[in-house]
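Report on the structure given below.
Protein chains: 2
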Amino acid sequence: MPERAPTLRDVAERSGVAVSTASRALCMPGRVNAVTAERVLAAARDLGYSASAAGRALSSGRTQTVALVVPDIMNPFFFGIMRGTQSRLREGGYVHVLVDTEESVEAEERTLRSIRGTVDGVILAASRMGDDDIARWSQDVPLVTINRTVPGAEFASVAMDTPNGEVQALEHLVSLGHSRIAYAGGPRTSWSDGHRREALALAAGRLGVELVGLGPYAPKREAGPAVADAVLASGVTGVLVFNDLLAFGVLDRLAARGVDVPGRLSVVGCDDVFGADLVRPALTTVAVPTERAGHHAADLLLAALDRLHPRVAASVELPTHLVVRDSTGPAQA
Amino acid sequence: MPERAPTLRDVAERSGVAVSTASRALCMPGRVNAVTAERVLAAARDLGYSASAAGRALSSGRTQTVALVVPDIMNPFFFGIMRGTQSRLREGGYVHVLVDTEESVEAEERTLRSIRGTVDGVILAASRMGDDDIARWSQDVPLVTINRTVPGAEFASVAMDTPNGEVQALEHLVSLGHSRIAYAGGPRTSWSDGHRREALALAAGRLGVELVGLGPYAPKREAGPAVADAVLASGVTGVLVFNDLLAFGVLDRLAARGVDVPGRLSVVGCDDVFGADLVRPALTTVAVPTERAGHHAADLLLAALDRLHPRVAASVELPTHLVVRDSTGPAQA
DNA sequence: CAACAACTGGCAAACGATTGCCGCGGATGA
DNA sequence: TCATCCGCGGCAATCGTTTGCCAGTTGTTG
């Protein structure tokens, strides 16, 4: 049975000052006399005092906590993001609540509702919610999004320029002689997916190649076989897959069916997650700077949370680039 | 500027009862008259009321939050654990604070100190702390460990029987004709490492083979080349590597040096993380049920947190098994 | 020398929910 | 009819911290 933790009152009594003075000594440097402050600090140290988060939250309205909401905790794409946000938030004195919504819009809503008031802010990664919903939530709670913007919204966001990376991938395939190429897309609720489709359609027109749109598919390895079979049926020689996880599943299936990659079919993934260079053939993919994205998102949120000069800082778009490995090659003769 | 969230007082006023009655209507079913309760519930619903975590925490002393502390957030080994704990905790109405200590004992201590009082309990995964420290913390805060036990401790834990899995791996290699086998170990602070060393030494004696102990190594891919080189220098034909991450690094290096796996050297990993079946040759490894471990850990903690009948439930040991893939084969003639 | 500012430290009121205690009214039993 | 008990709902204390306000002291300036 853990005994009662020391309170500010204990510290105050031990150092012979009022509770308010003790409070100020601890969190308003300069507000109290240096020698008094030192006495309080010493008492706090002796007692092993650390402020009660609940008390502080109640009184100041700030919890020093932010939530990171992701659609799939098992997708390595989010690891970099998690690490990026966590390291910055920790520096800023915040802790991190991690929420996995398992690709469900409803779970996302429920989560936001339940943590409203529990957290000072939210980082919403690859949200599946609609524009209106996000805009509405951004009125209620300081918000930063990753890979999602909302037109006319008044919150900051970090976007990765995946459409451009995909276009690079398309150009790569075209330069290898491919002229019929498929795009195996992700969930309809994915903002990123829509933008890629547009950019690819435009680029395909410009390059004079045929683009076959497939999907939507769940962005998971298990959905790979369906993609592989659809791709083979479509008669293309190259495919751009929504993300690496799905691409892994595609490669599994192609190997099982004895289809040569890249001889018969070139495959490009997206995200450059952990494992992309492990698989054989090593996956050509669009690399996105997830950890940096996490850093930026945390910085933007911290800026918005700044009690003295809260500000919605300019949004950020991070460049992506194609990493060519062994899963792409010249088009079949 | 988000407007003030509705408080219990608002609900009470709207339904024409006292705050205390509203509180009881919401969280003490049966304590108030059914029709009154319904009125309160309706008001709460209309207002979109959800209880302030801070207020509740302060008054009841419970935060409905638990911390999951892991040494390396980027190690896929912990993903399964995270998902396992999260799903169970959510069912129990708890949220999840994730902390990455980056393999540092000091960071682990610091974390525990800073979250004491912020959370109702802690799940400590693969802690690097010493027995005494863990025992001490377990006095202060309800605690469940994963892959770590402390003799005579009064907290529950979930252990995976990795030593047995490693012995299976050793037997596997021996049956393939290997007689000189290395064990490339993890951090000295890893409890699991010590137990595996003991079990392997015993088994090697029983089987009449020579076991070469190497290490300690950092359990990361980047440390792999050093392991690979040490293994080659040691003249063994098979190696048991501390975890898959490290094994991936070993395979990288062996491929770069043109060493045939499993022809010249057999490699066994541990954990069966995401990617183990992706790498080529696919990695033979000891599979551990991480998600189940997460479930159990959460259940044990929830049991300990139960306000009516708190209890330290019996600890759990989960079986592991060897997954044979392509990185092991007959010993070199 | 008077007036004023700057600096310190204390008092007490929030913040929002939980919960022990009490009192009121109606039902029950003797 | 009276004593008792129970069901229900209100009052008010409590949790630990922050912070607006004020008062006392000291130092500064015209």
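Order-wise, the sequence lines are chains A and B.
Heads up: the first sequence begins at 1 in our numbering, then just goes up one per residue.
Heads up: the second sequence begins at 1 in our numbering, then just goes up one per residue.
Don't be surprised by glycine CBs; every beta carbon is placed ideally from N, CA and C.
Rounded to whole angstroms, the gap between the alpha carbons of valine 268 of chain B and leucine 176 of chain B is 13 Å. At a cut-off of 7 Å, the C-beta of alanine 282 of chain B has no neighbouring C-beta in chain A. Between the C-alpha atoms of threonine 101 of chain A and threonine 85 of chain A there is a straight-line separation of about 18 Å. Among the residues of the region 92-106 of chain B, those with a Cβ less than 7 Å away from any Cβ of chain A are Val95, His96, Val97, Leu98, Asp100, in the order of the chain. Note: cysteine 270 of chain A is bridge-paired with A:Val286 in the DSSP secondary-structure output.
At a Cβ-Cβ threshold of 7 Å, alanine 169 of chain B and leucine 254 of chain B do not count as neighbours. Residue burial is scored here from C-beta neighbours: cysteine 27 of chain B has fewer than 16 other C-beta atoms within 10 angstroms and is therefore classed as exposed.
Secondary structure at alanine 159 of chain A: strand, using DSSP grouped into helix, strand and coil. Flagged as an interface residue toward chain A: valine 279 of chain B, by a C-beta distance shorter than 7 Å. In terms of CA proximity to tyrosine 217 of chain B, B:Ala228 leads the group B:Glu210, B:Leu211, B:Ala228.
The alpha-carbon separation between arginine 31 of chain A and arginine 24 of chain A amounts to approximately 7 Å. Exposed is the label assigned to valine 35 of chain A, since fewer than 16 other Cβ atoms lie within 10 Å of its Cβ. Here the region 3-21 of chain B lies against the region 36-53 of chain B, with 3 or more beta-carbon pairs under 8 Å apart.
Our two residues, serine 87 of chain B and serine 179 of chain B, have alpha carbons roughly 44 Å apart in a direct line. Identification of residues in the region 48-74 of chain B having a C-beta nearer than 7 Å to some C-beta of chain A yields Ser50, Ser52, Ala53, Ala54, Gly55, Ala57, Leu58, Thr63, Ile73, Met74, given in sequence order. Per the coordinates, the alpha-carbon of serine 15 of chain B lies some 11 Å from the alpha-carbon of arginine 45 of chain B.
Assignment of beta-bridge partners to threonine 145 of chain B by DSSP yields B:Leu124, B:Ser157. When the alpha-carbon of aspartate 161 of chain A is set against those of A:His195, A:Thr189, A:Pro76, A:Asp133, the nearest one is in A:His195. A straight line joining the alpha-carbon of leucine 214 of chain A with that of alanine 184 of chain A spans about 5 Å. Under the 10 Å beta carbon count, glycine 121 of chain A is surrounded by 16 or more other beta carbons and is classified as buried.
At least one C-beta of chain A is nearer than 7 Å to the C-beta of arginine 83 of chain B. The three-state reading of DSSP puts glycine 30 of chain B in coil, since its state is none of H, G, I, E or B.
If you draw a 10 Å sphere on the C-beta of glutamate 103 of chain A, you find 16 or more other C-beta atoms in it, and that means buried.
At the C-beta level, arginine 221 of chain B and alanine 282 of chain B stay beyond 7 Å of one another.
When DSSP assignments are scanned along the region 61-115 of chain B, the uninterrupted stretches of beta strand (DSSP E) that are 3 or more residues long and fall wholly within it turn out to be 65-70, 95-100. When beta bridges are read from the DSSP output, valine 119 of chain A appears opposite A:Arg116. Residue-level contact by beta carbon fails for alanine 247 of chain B and chain A, as no gap is shorter than 7 Å. At the C-beta level, alanine 159 of chain B and valine 70 of chain B stay beyond 7 Å of one another. For histidine 321 of chain B, the uninterrupted beta strand (DSSP E) run begins and ends at 321-323, by DSSP.
For the pair threonine 285 of chain B and alanine 276 of chain B, the CB atoms are nearer than the 7 Å cut-off. Counting of Cβ neighbours within 10 angstroms places serine 60 of chain A among the exposed residues, the total staying below 16. Within the same chain, and ignoring the five residues on either side of tyrosine 49 of chain B in sequence, the residues whose Cβ sits closer than 6 Å to its Cβ are Pro6, Val11.
When CB distances to chain B are screened at a threshold of 9 Å, not a single residue of the region 149-173 of chain A falls below it. Comparing alpha carbon positions, the residue from A:Val119, A:Thr118, A:Gly130, A:Gly92 closest to glutamate 109 of chain A is A:Gly130.
Take the alpha-carbon of alanine 156 of chain B and the one of tryptophan 137 of chain B: they are about 13 Å apart. When Cβ-Cβ separations below 7 Å define contact, glutamine 86 of chain A makes contact with chain B.
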